[in-house]
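One structure is given here, and the rest of the page talks about it.
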Amino acid sequence: MAKNSDVAILILAAGKGTRLKSSLAKVLHAAGGRPLVEHVVLACVAVKPKKIIVVVGHQAEKVQAVTEPLGTETVLQQPQNGTGHAMLVAKRAIGNAKYAVVLPGDAPLIRTETLRALIQKHKNGKAAATILTAVLADPSGYGRILRKGGDTVAAIIEESQLTAEQQELNEINSSMYCFTTAKLWPALAQVKPNNKHREIYLTDAISVLNAKGEAVLAEIATDSREMLGCNTRADLAGVDHTFRDWKREALMRDGVTIQLPETVLADPDVIVGEDTIIEPCVQLLGKTKIGARCIVKTGSVVHDSMLGDEVIVEPHCVVSASRLESDVVVGPFARIRMETHLKSGARIGNFVELKKSVVGEGTKAMHLTYLGDARIGSKTNIGAGTITCNYDGFHKHPTTIGNKVFIGSDSALVAPVKVGDGAYVGAGSTITENVPADSLGIARGRQVNKKGWASKKRRELAAAEKPTKHSKKRR
Ligand code: UD1
Ligand code: MG
Numbered sequence: 001m002a003k004n005s006d007v008a009i010l011i012l013a014a015g016k017g018t019r020l021k022s023s024l025a026k027v028l029h030a031a032g033g034r035p036l037v038e039h040v041v042l043a044c045v046a047v048k049p050k051k052i053i054v055v056v057g058h059q060a061e062k063v064q065a066v067t068e069p070l071g072t073e074t075v076l077q078q079p080q081n082g083t084g085h086a087m088l089v090a091k092r093a094i095g096n097a098k099y100a101v102v103l104p105g106d107a108p109l110i111r112t113e114t115l116r117a118l119i120q121k122h123k124n125g126k127a128a129a130t131i132l133t134a135v136l137a138d139p140s141g142y143g144r145i146l147r148k149g150g151d152t153v154a155a156i157i158e159e160s161q162l163t164a165e166q167q168e169l170n171e172i173n174s175s176m177y178c179f180t181t182a183k184l185w186p187a188l189a190q191v192k193p194n195n196k197h198r199e200i201y202l203t204d205a206i207s208v209l210n211a212k213g214e215a216v217l218a219e220i221a222t223d224s225r226e227m228l229g230c231n232t233r234a235d236l237a238g239v240d241h242t243f244r245d246w247k248r249e250a251l252m253r254d255g256v257t258i259q260l261p262e263t264v265l266a267d268p269d270v271i272v273g274e275d276t277i278i279e280p281c282v283q284l285l286g287k288t289k290i291g292a293r294c295i296v297k298t299g300s301v302v303h304d305s306m307l308g309d310e311v312i313v314e315p316h317c318v319v320s321a322s323r324l325e326s327d328v329v330v331g332p333f334a335r336i337r338m339e340t341h342l343k344s345g346a347r348i349g350n351f352v353e354l355k356k357s358v359v360g361e362g363t364k365a366m367h368l369t370y371l372g373d374a375r376i377g378s379k380t381n382i383g384a385g386t387i388t389c390n391y392d393g394f395h396k397h398p399t400t401i402g403n404k405v406f407i408g409s410d411s412a413l414v415a416p417v418k419v420g421d422g423a424y425v426g427a428g429s430t431i432t433e434n435v436p437a438d439s440l441g442i443a444r445g446r447q448v449n450k451k452g453w454a455s456k457k458r459r460e461l462a463a464a465e466k467p468t469k470h471s472k473k474r475r
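Each residue of the sequence shown is one higher than the one before, starting from 1 at the first, in this note's numbering.
Here it is, written out as structure tokens:
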């Protein structure tokens, strides 16, 4: 893709976002699985501009921490005296770039292609400014475009300053512009804070340019959703909805079957292989990567995990920060967490929790089990109700179980402890010492059968009952 080395992009991200009623700065609120400003920066990076400058103010350090790792420069605007003031603060950083693209940090749906088209239109039209706009059924909350006719713009009128007849204007200012810097600076110098907030509005530079006889163009975006800003919680929900739609569409284009797509949520970095089926009400979060021909069944949440091919996640599982190799089956109702590694063909059943454990090839733990800090070999069977007692109140300890081991049901393995290859553990054991290979470890009270005890007991109890029964009948 072509570079735009004569363009500096400025992202305005200093505002508080009063209308969100939040202690978190607006541009740090998330939609579509990322902070708003991160979406904007990512769209800009692919434009390959000379530089990307983020104007920060409110919660400056937190905003900077999101944007700088993506290669942006930071300019501090303190106090925040309006969008025009933000531009002026960044003037030195913009330096000798011939063009400045300005974007609000709160409109995250903008795509790289749209920015490239804006720059192209501006250059071709030899304009002083080119504005991206949208025609909305409900334009409330936005500044409106006052056209001169044709392609050109007379002014942007902020909502609070609309006259009675201007109320009908439904073409909105997205706050995304391309300026020719040599024309912008003198115009901006003439803008006065003539509004109730006493702010310098960048929008007022448009009417100044127009009055000077400069060309101001407007381009109606092909997809008006890209222009949407987030001023309220409802705006955030709307934008999030669009991101989720786009992600699901992308996954389906890549050959993924999604049932009842509107109930499925996938974060932007999620990758899913061909012919995988995602059932309703599934969430795929973080950097999750799922192979081909898997089935993730209803109600499951997979977070930052890697799944191989043909993995089956039965309903209502939670899988986080773990790796499931091909042909693994988990659930229903399994919890696989924190650095767990299930090797090929492992089978984890219902109400089983795993934490920081490695489970070998073809090993099974099918029912009601907790395995924490455990290393288990291949073709081992972990009986129902097995528990690794990995915590002594101060430290976590490992449990090591070999290949082809059989752990009987309801065993407690008190770590640190090892069970060798081919060993058996008797059901109900509390194992506190290592079990050598091919041995039987059994650690429970011995069973004693007392012959005739039960019938004798019954006779005694019946005799004691009798007098009371008779006395009742007589009455
Ligand atoms: C702005 C536009 C409006 C447009 C709308 C599109 C102005 C005066 N109005 O209104 O025409 O329809 O965006 O969403 O420009 N910011 C700063 N420093 C400041 C003030 C704001 O960096 O001093 C940043 C904010 O953090 C935000 C962006 O600029 O990311 C826009 O500010 P916001 O307060 O949301 O402006 P709107 O009222 O939405
Ligand atoms: Mg806004």
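Using N, Cα and C, we set each Cβ at its ideal position, and we do this for glycine too.
Just so you know, these numbers come straight off a predicted model, no measurement behind them.
*So does residue 104 have its beta carbon nearer than 7 Å to some heavy atom of the ligand MG?*
Taking the first residue of the sequence shown as position 1, residue 104 is located at position 104. For the ligand MG, at least one heavy atom lies less than 7 Å from the Cβ of residue 104.
*Quick one: does the C-beta of residue 229 sit closer than 7 Å to a heavy atom of the ligand MG?*
As a first step, residue 229 is located in the sequence shown; it is residue number 229 there, counting from the start. Within the chosen limit of 7 Å, the ligand MG reaches the beta carbon of residue 229 through at least one heavy atom.
*Mind checking residue 197: buried by the 16 CB within 10 Å criterion, or exposed?*
Sequence index remark: in the sequence shown, residue 197 carries index 197 (1-based). By the neighbour-count rule (16 or more Cβ atoms within 10 Å), residue 197 is not buried but exposed.
*Rounded straight-line distance, which links the Cα of residue 355 to that of residue 443*: Position 443 of the sequence shown, counted from the start, is the residue given in the question as residue 443. Position 355 of the sequence shown, counted from the start, is the residue given in the question as residue 355. A straight-line Cα-Cα distance of about 25 Å links residue 443 and residue 355.
*Name the one or two DSSP bridge partners that residue 283 has.*
Walking along the sequence shown from the start, residue 283 turns up at place 283. DSSP, once it has assigned bridges, lists 265 and 301 as partnering residue 283.
*Within this structure, are the beta carbons of residue 41 and residue 70 separated by less than 8 Å?*
Position 41 of the sequence shown, counted from the start, is the residue given in the question as residue 41. Position 70 of the sequence shown, counted from the start, is the residue given in the question as residue 70. In this structure, residue 41 lies near residue 70, with their beta-carbon atoms less than 8 Å apart.
_Residues that DSSP places opposite residue 400 in a beta bridge_ = Residue mapping note: residue 400 aligns to position 400 of the sequence shown, counting from 1. DSSP output for residue 400 lists 375 and 418 as bridge partner(s).
*Where do the ends of the alpha helix (DSSP H) carrying residue 113 lie?*
Translated into the one-based positions of the sequence shown, residue 113 becomes position 113. Counting along the chain, the alpha helix (DSSP H) containing residue 113 begins and ends at 112-125.
*Just curious, the alpha helix (DSSP H) that residue 243 is in, first and last residue?*
Translated into positions along the sequence shown, residue 243 becomes position 243. DSSP places residue 243 in the uninterrupted alpha helix (DSSP H) bounded by 233-253.
_For residue 22 and residue 343, what's the separation of their Cα atoms in angstroms?_
Counted from its first residue, the sequence shown places residue 22 at position 22. Counted from its first residue, the sequence shown places residue 343 at position 343. In a straight line, the C-alpha of residue 22 is about 45 Å away from that of residue 343.
*Look up residue 205 in the DSSP assignment and say whether it is helix, strand or coil.*
The residue you call residue 205 lines up with position 205 of the sequence shown. Residue 205: helix per DSSP, three-state reduction.
*Going by other Cβ atoms of all chains shown within 10 Å of its Cβ, with 16 needed for buried, is residue 167 buried or exposed?*
Start at 1 with the first residue of the sequence shown, and residue 167 comes out as number 167. If you draw a 10 Å sphere on the C-beta of residue 167, you find fewer than 16 other C-beta atoms in it, and that means exposed.
*DSSP on residue 362, reduced to helix/strand/coil?*
Translated into positions along the sequence shown, residue 362 becomes position 362. Coil at residue 362, not helix or strand.
*Contact test: residue 292 Cβ vs the ligand SAM heavy atom, cutoff 7 Å*: Only the ligand UD1 and the ligand MG can be found as ligands here, which leaves the ligand SAM out of the picture.
*Would you give the residue range spanned by the alpha helix (DSSP H) that residue 65 belongs to?*
Here the question's residue 65 lines up with position 65 in the sequence shown. Segment 60-67, the alpha helix (DSSP H) holding residue 65.
*In three-state DSSP terms, what is residue 37?*
Counting from 1 along the sequence shown, the entry for residue 37 is found at position 37. DSSP places residue 37 in helix when its eight states are reduced to three.
*In DSSP terms, what residue 306 is bridged to*: One-based indexing of the sequence shown puts residue 306 at position 306. Within the DSSP bridge table, the entry for residue 306 names 289 and 323 as partners.
*residue 247 versus residue 30 - alpha carbon distance*: Position 247 of the sequence shown holds residue 247. Position 30 of the sequence shown holds residue 30. About 15 Å.
*Who pairs with residue 76 in a beta bridge, going by DSSP?*
Counting from 1 along the sequence shown, the entry for residue 76 is found at position 76. BP columns for residue 76 point to 56.
*List in chain order: all unbroken beta strand (DSSP E) runs of 3+ residues lying wholly within the region 144-220.*
Those beta strand (DSSP E) runs which fall completely within the region 144-220 and span 3+ residues are 144-149, 152-157, 171-180 and 216-220.
*Return the residue from the list 72, 213, 266 and 226 that minimises the CA-CA distance to residue 38.*
Against the sequence shown, residue 38 aligns to sequence position 38. Looking only at 72, 213, 266 and 226, the smallest Cα-Cα distance to residue 38 is reached by 72.
_Tell me which residues share the same chain as residue 366 and place their Cβ nearer than 6 Å to its Cβ, disregarding the 5 neighbours each side in the sequence._
For the purposes of this step, residue 366 is taken as residue 366 along the sequence shown, with counting starting at 1. Here the set comprises 349.
*Which term fits residue 144, buried or exposed, when burial requires 16 or more other beta carbons within 10 angstroms of its beta carbon?*
Taking the sequence shown and counting its residues from 1, one reaches residue 144 at position 144. With 16 or more other Cβ atoms within 10 Å, it is buried.
*Tell me whether the beta-carbon of residue 201 lies closer than 8 Å to the beta-carbon of residue 130.*
Mapped onto the sequence shown, residue 201 falls at position 201. Mapped onto the sequence shown, residue 130 falls at position 130. No. Outside cutoff.
*asked:* Distance check for residue 159 and residue 141, CA to CA, integer angstroms please.
replied: As a working mapping, residue 141 is identified with position 141 in the sequence shown. As a working mapping, residue 159 is identified with position 159 in the sequence shown. Taking the straight line from one Cα to the other gives about 6 Å.
*Going straight from the alpha carbon of residue 429 to that of residue 411, what length do you get?*
Position 429 of the sequence shown holds residue 429. Position 411 of the sequence shown holds residue 411. Taking the straight line from one Cα to the other gives about 5 Å.
_Pick from 183, 180, 153 and 303 that is closest to residue 171, judged by C-alpha positions_ = Start at 1 with the first residue of the sequence shown, and residue 171 comes out as number 171. Nearest neighbour of residue 171 by Cα position, chosen from 183, 180, 153 and 303, turns out to be 153.
*Look at the Cβ atom of residue 255, then the Cβ atom of residue 226, and state whether they are nearer than 8 Å.*
For the purposes of this step, residue 255 is taken as the residue at position 255 of the sequence shown. For the purposes of this step, residue 226 is taken as the residue at position 226 of the sequence shown. No; because the gap between Cβ atoms is not below 8 Å, this pair is not in contact.
*Which partner residues does residue 12 have in the DSSP bridge list?*
The count along the sequence shown starts at 1 and reaches residue 12 at position 12. DSSP output for residue 12 lists 55 and 104 as bridge partner(s).
_Boundaries of the beta strand (DSSP E) in which residue 355 is found, first to last residue_ = Reading the sequence shown from its first residue, position 355 is the one you call residue 355. Looking at the DSSP string, the run of the beta strand (DSSP E) that includes residue 355 is 347-355.
_Quick check on residue 44: does DSSP put it in helix, strand or coil?_
Counted from its first residue, the sequence shown places residue 44 at position 44. Three-state DSSP puts residue 44 in a helix.
*Using 10 angstroms around the beta-carbon of residue 179, count the other beta-carbons present and answer buried if the total reaches 16, otherwise exposed.*
Numbered from its first residue, the sequence shown carries residue 179 at position 179. Residue 179 comes out buried.
*Measure the CB-CB distance between residue 482 and residue 295 and report whether it falls below 8 Å.*
The structure shown does not extend to residue 482, since the chain spans only 1 to 475, so no value can be given for it.
*What does a CB cutoff of less than 6 Å around residue 169 pick up in its chain, not counting 5 residues either side in sequence?*
Looking up residue 169 in the sequence shown gives position 169. Correct list, in chain order: 144.
_Quick check: does the Cβ of residue 391 come within less than 7 Å of any heavy atom belonging to the ligand UD1?_
For the purposes of this step, residue 391 is taken as residue 391 along the sequence shown, with counting starting at 1. Incorrect: residue 391 has no Cβ contact closer than 7 Å to the ligand UD1.
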